[in-house]
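Take a look at the structure set out below.
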Amino acid sequence: MIWLVSKIWNKIPVLWNWVAMEKWPLQRNFGGHVHVNVNVNGTNSRANYYKYKTVFLMGCCYTKQRIVHEDPAVLAAQTYFNISEIEALYDLFKKLSSSLVDDGVISKEEFQLGLFGNSKKRSLFADRVFHLFDSKNDGVIEFGEFVRGLSVYHPLAPQAKKAEFSFQLYDIWQTGFIERDEVREMILALLSESDLVLSHDIIEVIIEKAFEEADSKGDGRIDPEEWQQFVARNPSLLTNMTIPYLKDLNTEFPSFEPTSGIEDETSNSP
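With full-length UniProt numbering as the guide, the letters of the sequence shown map in order to residues 1 to 270.
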C-alpha cells in the first residue's frame, strides 16, 4: 500500500526545473496582446513601498504588486541557504517572475508556467504549493516567500519540516487535519495529471489502508502528530520534498554568479 501511495505522490510535478534553468519552458512572448496599466503608490519607507499593476493578459484581468525585496543576509539567517545561494536563487526568481509580466513578483499563472510550461493548466498540487509559498495570502509570491518556500526542499532541511509542509499540502480544507475526502481529492487530482490509472475500488483501498496505518487515534482523521509518525515510518513519502541541487547552487550551476541586482533592490527605493 505504501508503495502505491509513494508512487502516486512521487508523480506530482516537482520543482527541479526551477533550479535547472536551462530546462525551463518559460517564454517572454506568451502570445496575445498584453496591456499594462501601472498605478504607483508608496511611501518613503522601503518596507511599505508598493507598485500595483493591472494586467490585461489574453482577456483576463488580474492585479500584481511589486515590493522591495528582503535583505539576503536576513533570508540566509532564516533558511538553509547561504548568501551566495540566495543571490543565485534571485536570478531564478527574476526569470520566473518576469515570464509573463516583469513586476518583481510571481503570479499563480507564472508559477504554473514554470511547473508545466502552460500558465492555464489547472493543478490542485500547484494550487496547494502556491498557497503555501504565498505566506501573506495576497495572491503573489515575493522573493522572501520564494526563498523560504524552497528552503523546505533543501537537503539540509530536517524531515520534520518536510513532513509539516507535506501535511499542509494534504490539508486542503485547512482544518488542521487530513480527512479521507481530502486524500481522495488529492489522489484523483494526481492521477489526472499522471499516466497512472487506478480503479475506484483500489483508490478506496489505498485510503483505507493509509488511515489504518496513520490514524493511530482512530478518530477518522490524521492530525499533525500522527502524520509525523506515519512519515517517520515511511520516509519514501517525502522523496519529492528534497531537491538535491539546492545544496550547492553555485557548484551545480557554475553559470550562476553573484549579482548586485538584489542588493540594489534591497538598498534603493525606486
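From the three backbone atoms N, C-alpha and C, an ideal C-beta is built for every residue, glycine too. Because the structure is a prediction, the values reported are computed rather than measured.
- Assigned with DSSP and collapsed to three states, Ile141 falls in strand.
- A buried status is given to Leu100, since no fewer than 16 other beta-carbon atoms sit within 10 Å of its beta-carbon.
- Looking from the CA of Gly149, the closest CA among Gly139, Leu132, Phe230 belongs to Leu132.
- Linking Ser84 to Pro72 through their CA atoms gives a straight-line distance of about 9 Å.
- Ile106 is bridged by DSSP to Ile141.
- When rounded, the separation of the alpha-carbon atoms in Gly117 and Glu110 is 9 Å.
- By the criterion of a C-beta distance shorter than 8 Å, Pro235 is surrounded in its chain by Gln159, once the five residues flanking it on both sides are discounted.
- Fully enclosed beta strand (DSSP E) runs of no fewer than 3 residues are not present anywhere in the stretch 146-232.
- Excluding its 5 nearest sequence neighbours in each direction, Leu124 has C-beta neighbours in its own chain below 6 Å: Ala189, listed in chain order.
- Here the stretch 222-239 makes no contact with the stretch 185-205; the two share fewer than three CB pairs at distances below 8 Å.
- For Glu87, the enclosing alpha helix (DSSP H) begins and ends at 83-97.
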